[in-house]
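**Q**
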Amino acid sequence: MDKRLMKAATSGASTSMYAMAALDRSILLGTTPQGNTCLHISCIYGHEGFCKDVLELQESLIKAVNLDGETPLITAVRNGHVSLASFLLGRHCSVLGSRQPILQQDKYGFNALHHAIRNGHKDFALELIAAEPALSQAGKHNESPMYFAVMRNFTQVFKKLMQNPLSASLGGQHGRNYLHAAVMNGDQEIVKIIMKERPELAREADIKKNTPIAKAVESDKIDILQIILEHDSTLGYLIGNNGFPLLNAAAYRGLVAAARKLLEHCPDAPYLEPDGSTLLHTAVWFDHLEFVEFILSRPILRKLVNMQDNEGNTALHHAVRKCNPRMVAALLSHVDIDATLLDNYGDSAAWDLTRPNVMQTAKTLNWNEVAMLMSKANPRDAASLHNLHTVVKRKASEESRKDTKSLTQTYTSNTSLVAILIATITFAAAFTLPGGYSNDAGSEGLPIMSKKFAFRHS
1 MDKRLMKAAT
11 SGASTSMYAM
21 AALDRSILLG
31 TTPQGNTCLH
41 ISCIYGHEGF
51 CKDVLELQES
61 LIKAVNLDGE
71 TPLITAVRNG
81 HVSLASFLLG
91 RHCSVLGSRQ
101 PILQQDKYGF
111 NALHHAIRNG
121 HKDFALELIA
131 AEPALSQAGK
141 HNESPMYFAV
151 MRNFTQVFKK
161 LMQNPLSASL
171 GGQHGRNYLH
181 AAVMNGDQEI
191 VKIIMKERPE
201 LAREADIKKN
211 TPIAKAVESD
221 KIDILQIILE
231 HDSTLGYLIG
241 NNGFPLLNAA
251 AYRGLVAAAR
261 KLLEHCPDAP
271 YLEPDGSTLL
281 HTAVWFDHLE
291 FVEFILSRPI
301 LRKLVNMQDN
311 EGNTALHHAV
321 RKCNPRMVAA
331 LLSHVDIDAT
341 LLDNYGDSAA
351 WDLTRPNVMQ
361 TAKTLNWNEV
371 AMLMSKANPR
381 DAASLHNLHT
391 VVKRKASEES
401 RKDTKSLTQT
411 YTSNTSLVAI
421 LIATITFAAA
431 FTLPGGYSND
441 AGSEGLPIMS
451 KKFAFRHS
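First residue of the sequence shown? That's 1 in UniProt numbering, and the numbers climb one at a time after it.
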């Protein structure tokens, strides 16, 4: 591109452009190394007057595509010049053979409608849909304008796209569909529309194996969960491709309200994970006491109290292993609890207190309290736990003495250092005379007393 034309395009100087074109019309076809024409450059800066003028002279520029796959229309939209973009759209529609470039996708697979929605230009998005319905189709990476409209909570744009049969594509980022997007945004109105018009989307999983209802549970969006389950309660029985039921997803995060809503619509919802763990195991392991108490209070979940995973562990085994007195007490308070159940190694829950990692990491107070609770719950282990308690207590005393000795040594060292510093300062002060010392020639180093030298040479 001629430097003079570049300057005219960046500044919007139509007069200069006209002067150059009068001498050589082909100068307007020049491009930068990035493939941008003078129309692209002017669109970047939003010079609407220049764009109109140059198109009067060279109409073909409206179809030019740069190295990023952008037409001037896409460039104008991406740079936020909506009025200019609207003019270019009208020009495309009025010029024979220039409607097809409206559908141009850039190197990322996005067309003008994608960019209008993503950049928040809601009214222009509606204008684009009305002018060219085919823009509603997904890009080459299967990301649809519909998905972006839902992500931006553009309800009006979404409704317009739903009326368009060309908007059948569901795709979004990370394999999500637009119901995933509506759930994540908590948009109840859009969720209701989708569940009515496209209920099958509720069963589609993203690349992480999450369905829209799973996202509703994980994000604790109870109102959204209610809408989905009201429309189709069987969705509450879905098990993800990773083998985890929805109830267990709630247990993992301690989301009582989500679990309550699931059980309200699906009283016998699944709760077993691939390793045989139940949602009670999960809640205990992640220290969600409120969730555990919720499970223990639900008659329909009563049988979970003594259920064992594939290794024979009950939820009580987990609670003891975590050395959590409050959790252990909550489980032991249930009328059905059986503290004598053995795991696959023949150990009761109480014997998890003997694990080296439990003895090393648990606070002594917690360990003692759990040991007392388990001794009372299963008297057969009481003697062994008492002996073990003695060992733990002895170790704790030894460690305490070591800590005290180390602290004493540190204190002694610090005290000695302070004493040395005090002595040094005192010693220096004893040899520092009032008035200081002279720096005058011939009297260097002599002490000064009351503005007179204390000693003079005779």
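All C-beta atoms, glycine included, are put in the ideal place defined by N, C-alpha and C.
Taking 8 Å as the threshold (C-beta atoms), are Leu332 and Leu373 in contact?
**A** Along the sequence shown, one-based indexing puts residue 373 at 373. Along the sequence shown, one-based indexing puts residue 332 at 332. For Leu373 and Leu332, yes; Cβs fall inside 8 Å.
**Q** Give me the Cβ distance between Ala64 and Leu89, rounded to the nearest whole Å; I'm assuming they're in contact under 8 Å.
**A** One-based indexing of the sequence shown puts residue 64 at position 64. One-based indexing of the sequence shown puts residue 89 at position 89. With 8 Å as the limit, Ala64 and Leu89 do not qualify as a contact, their Cβ atoms being about 16 Å apart.
**Q** Pull up the distance between the alpha-carbon of Asp275 and that of Asp309, whole angstroms please.
**A** As a working mapping, residue 275 is identified with position 275 in the sequence shown. As a working mapping, residue 309 is identified with position 309 in the sequence shown. Near 6 Å, if we compare the C-alpha coordinates of Asp309 and Asp275.
**Q** Contact check, Ala315 vs Val358 under 8 Å by CB: the rounded distance?
**A** Your numbering for residue 315 matches position 315 in the sequence shown. Your numbering for residue 358 matches position 358 in the sequence shown. Not quite, the Cβ-Cβ distance comes to about 16 Å (not below 8 Å), so this is no contact.
**Q** Considering Met195, what are the terminal residues of the alpha helix (DSSP H) in which it resides?
**A** Walking along the sequence shown from the start, residue 195 turns up at place 195. Counting along the chain, the alpha helix (DSSP H) containing Met195 begins and ends at 188-197.
**Q** Report yes or no: is there a C-beta of chain D within less than 8 Å of the C-beta of His114?
**A** Included in the structure is just one protein chain, with no chain D present.
**Q** Inspect the beta-carbon positions of Met6 and Asp53 and report whether they are closer than 8 Å.
**A** Looking up residue 6 in the sequence shown gives position 6. Looking up residue 53 in the sequence shown gives position 53. No; because the gap between Cβ atoms is not below 8 Å, this pair is not in contact.
**Q** By the 10 Å Cβ neighbour count, where 16 or more other Cβ atoms means buried, how is Gln163 classified, buried or exposed?
**A** Walking along the sequence shown from the start, residue 163 turns up at place 163. Looking at its Cβ environment, which holds fewer than 16 other Cβ atoms inside 10 Å, Gln163 is exposed.
**Q** Can you tell which of Met184, Tyr178, Lys208, Asp206 has the C-alpha that lies nearest to the C-alpha of Glu197?
**A** Within the sequence shown, residue 197 is the residue found at index 197, counting from 1. Taking only the C-alpha atoms, the option nearest Glu197 is Tyr178.
**Q** Please work out which residues of its chain come closer than 8 Å, Cβ to Cβ, to Asp187, disregarding the five sequence neighbours upstream and downstream, and give them in chain order.
**A** As a first step, residue 187 must be located in the sequence shown, where it is residue number 187. These residues qualify, in order along the chain: Val150, Asn153, Thr155.
**Q** What's the call for Ile129, buried or exposed, on a 16-neighbour Cβ count within 10 Å?
**A** Position 129 of the sequence shown holds residue 129. Classification of Ile129: buried, given that the 10 Å Cβ count is 16 or more.
**Q** Helix, strand or coil: how does DSSP classify Ile239 here?
**A** Here residue 239 refers to the residue found at position 239 when the sequence shown is read from its first residue. DSSP places Ile239 in strand when its eight states are reduced to three.
**Q** Restricting to runs no shorter than 4 residues, where is the alpha helix (DSSP H) found entirely within the segment 323-384?
**A** If we require 4 residues or more, the alpha helix (DSSP H) runs fully inside the segment 323-384 come out as 325-332, 356-361, 364-377.
**Q** How would you label Thr15, buried or exposed, when you count the other beta carbons within 10 angstroms and need 16 or more for buried?
**A** Taking the sequence shown and counting its residues from 1, one reaches residue 15 at position 15. Exposed, since its Cβ has fewer than 16 Cβ neighbours within 10 Å.
**Q** Apply the 10 Å Cβ neighbour rule to His180 and answer buried if 16 or more other Cβ atoms are within range, or exposed otherwise.
**A** Reading the sequence shown from its first residue, position 180 is the one you call residue 180. It counts as buried.
**Q** Going by C-alpha to C-alpha distance, which of Cys93, Gly69, Asn248, Cys266 sits closest to Tyr108?
**A** Start at 1 with the first residue of the sequence shown, and residue 108 comes out as number 108. Taking only the C-alpha atoms, the option nearest Tyr108 is Gly69.
**Q** Measure the CB-CB distance between residue 503 and Ala251 and report whether it falls below 8 Å.
**A** This structure gives no information on residue 503, because the portion of the chain shown stretches from 1 to 458.
**Q** Considering Ala182, what are the terminal residues of the alpha helix (DSSP H) in which it resides?
**A** Indexing the sequence shown from 1 puts residue 182 at position 182. Start and end: 178-185.
**Q** With DSSP run on the structure shown, which of helix, strand or coil describes Pro212?
**A** Sequence index remark: in the sequence shown, residue 212 carries index 212 (1-based). Helix, per DSSP.
**Q** Would DSSP call Pro245 helix, strand or coil?
**A** One-based indexing of the sequence shown puts residue 245 at position 245. DSSP places Pro245 in strand when its eight states are reduced to three.
**Q** Quick one: residues in its chain with C-beta nearer than 8 Å to the C-beta of Phe294, no 5 flanking neighbours on either side, listed in chain order?
**A** Your numbering for residue 294 matches position 294 in the sequence shown. These residues qualify, in order along the chain: Val256, Ala259, Arg260.
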